[in-house]
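Below: one structure, written as structure tokens.
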Amino acid sequence: MARTAIVTGGSGGIGHACVEVLAPNYDVLVHYNSDLEGAETAVKTVEEHGNRAAVHQCDIADPDAVAEMVETAEAELGQIDLLVNNGAVFLETALEDITRDEIDLEVDVNLKGTVHCTKAALPSIRKSEYGRIITIASTSGPHGSPTDPVYAATKGGVISFTKSIARMYASDGILANVVAPGPTATPMMREERRPGIRESSPLGRLTRPEEVADAVEYFASATGVTGEVLVVDGGRNI
Numbered sequence: 446m447a448r449t450a451i452v453t454g455g456s457g458g459i460g461h462a463c464v465e466v467l468a469p470n471y472d473v474l475v476h477y478n479s480d481l482e483g484a485e486t487a488v489k490t491v492e493e494h495g496n497r498a499a500v501h502q503c504d505i506a507d508p509d510a511v512a513e514m515v516e517t518a519e520a521e522l523g524q525i526d527l528l529v530n531n532g533a534v535f536l537e538t539a540l541e542d543i544t545r546d547e548i549d550l551e552v553d554v555n556l557k558g559t560v561h562c563t564k565a566a567l568p569s570i571r572k573s574e575y576g577r578i579i580t581i582a583s584t585s586g587p588h589g590s591p592t593d594p595v596y597a598a599t600k601g602g603v604i605s606f607t608k609s610i611a612r613m614y615a616s617d618g619i620l621a622n623v624v625a626p627g628p629t630a631t632p633m634m635r636e637e638r639r640p641g642i643r644e645s646s647p648l649g650r651l652t653r654p655e656e657v658a659d660a661v662e663y664f665a666s667a668t669g670v671t672g673e674v675l676v677v678d679g680g681r682n683i
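If you use my numbering, the sequence shown corresponds to residues 446 to 683, in order.
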């Protein structure tokens, strides 16, 4: 019998890759913000494996909308076993140029959105005998960012938040971990930055979304690992 997962930001990039690796073993609610076509493609991937899928649009910065998303997942797919906190925005704006509204957007989606999703899903996950919470952060969380310090601050925040969840809910059997990708080949990564990133990487390339998803799959199946951060960056921070 398949378990149930919610993947936020599941319509493209890393989120879509996460849906693909979970599809053989999970019923999945695919959350999206604006890319309905990408979300529907992800849903088809799950259904092709014989499992159930649902699609839900909402702004994860809105706690009421997030609560509705969780209710939809439970109503259509059942008790939640796994939450993948992937939804995020990356404006790549220098501190002297970023506006108050842009600061609020990154904080509200990246940090508060992760908190809202985890808080809303937690009651259902606590009932599971296989509760998992996996947060997609970034190597900019612990190491900083040369292009977007606010984004880096939010990612540092979600690392600390997820570690705290791991400590608080271990007695409930919930395992909470973080995947921290380096620069990844998704639409969020500007083309003009890619050559320099390739040159600075020991592997000579960007991280691939499916490599990040492989780390998510590991944490989803691991039974004795919690509060950890798994870096997937091609050795950039050796």
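Glycine is no exception: its CB is placed at the ideal position from the N, C-alpha and C atoms.
Computed from a predicted structure; not experimentally measured.
For residue j and residue i, the rounded distance between their alpha carbons
| i | j | result |
| --- | --- | --- |
| Cys-562 | Thr-607 | 12 Å |
| Tyr-596 | Ala-533 | 9 Å |
| Gly-649 | Asn-682 | 13 Å |
| Glu-574 | Ala-667 | 13 Å |
| Asn-478 | Ala-510 | 11 Å |
| Ile-619 | Asp-553 | 25 Å |
| Ala-598 | Pro-508 | 21 Å |
| Glu-493 | Glu-482 | 17 Å |
| Lys-489 | Ala-506 | 27 Å |
| Asn-622 | Pro-587 | 15 Å |
| Ile-437 | Ser-616 | No statement about residue 437 is possible, as the shown extent of the chain runs from 446 to 683 and does not include it. |
| Thr-559 | Val-515 | 13 Å |
| Thr-652 | Tyr-614 | 31 Å |
Identity of the residues DSSP links to residue i by a beta bridge
| i | result |
| --- | --- |
| Ala-625 | Val-676 |
| His-501 | His-476 |
| Asn-530 | Thr-580 |
| Arg-448 | Tyr-471 |
| Leu-620 | Arg-577 |
| Thr-652 | Thr-629 |
Integer-rounded CB distance, given that residue j should sit under 8 Å from residue i
| i | j | result |
| --- | --- | --- |
| Asp-678 | Gly-601 | Not quite, the Cβ-Cβ distance comes to about 15 Å (not below 8 Å), so this is no contact. |
| Thr-631 | Gly-458 | 3 Å |
| Leu-536 | Glu-551 | 6 Å |
Neighbourhood of residue i by C-beta, 6 Å cutoff - its chain only, sequence neighbours within 5 removed
| i | result |
| --- | --- |
| Glu-662 | Val-466 |
| Ala-512 | Ala-565 |
| Asn-496 | Ala-447, Asp-472 |
| Arg-571 | Asp-617 |
Cβ-based neighbour list, residue i, same chain, cut-off 7 Å, excluding 5 preceding and 5 following
| i | result |
| --- | --- |
| Ser-590 | Tyr-596, Ala-597 |
| Ile-548 | Val-595 |
Close beta carbons around residue i, own chain, < 8 Å, minus the five adjacent residues each side
| i | result |
| --- | --- |
| Pro-654 | Gly-458, Ile-459, His-461, Ala-462, Thr-629, Ala-630, Thr-631 |
Just checking, does the stretch 577 to 596 make contact with the stretch 607 to 624 on the three C-beta pairs under 8 Å criterion?
yes
Segment contact, 8 Å Cβ cut-off, at least three pairs: the stretch 459 to 477 with the stretch 513 to 529:
yes
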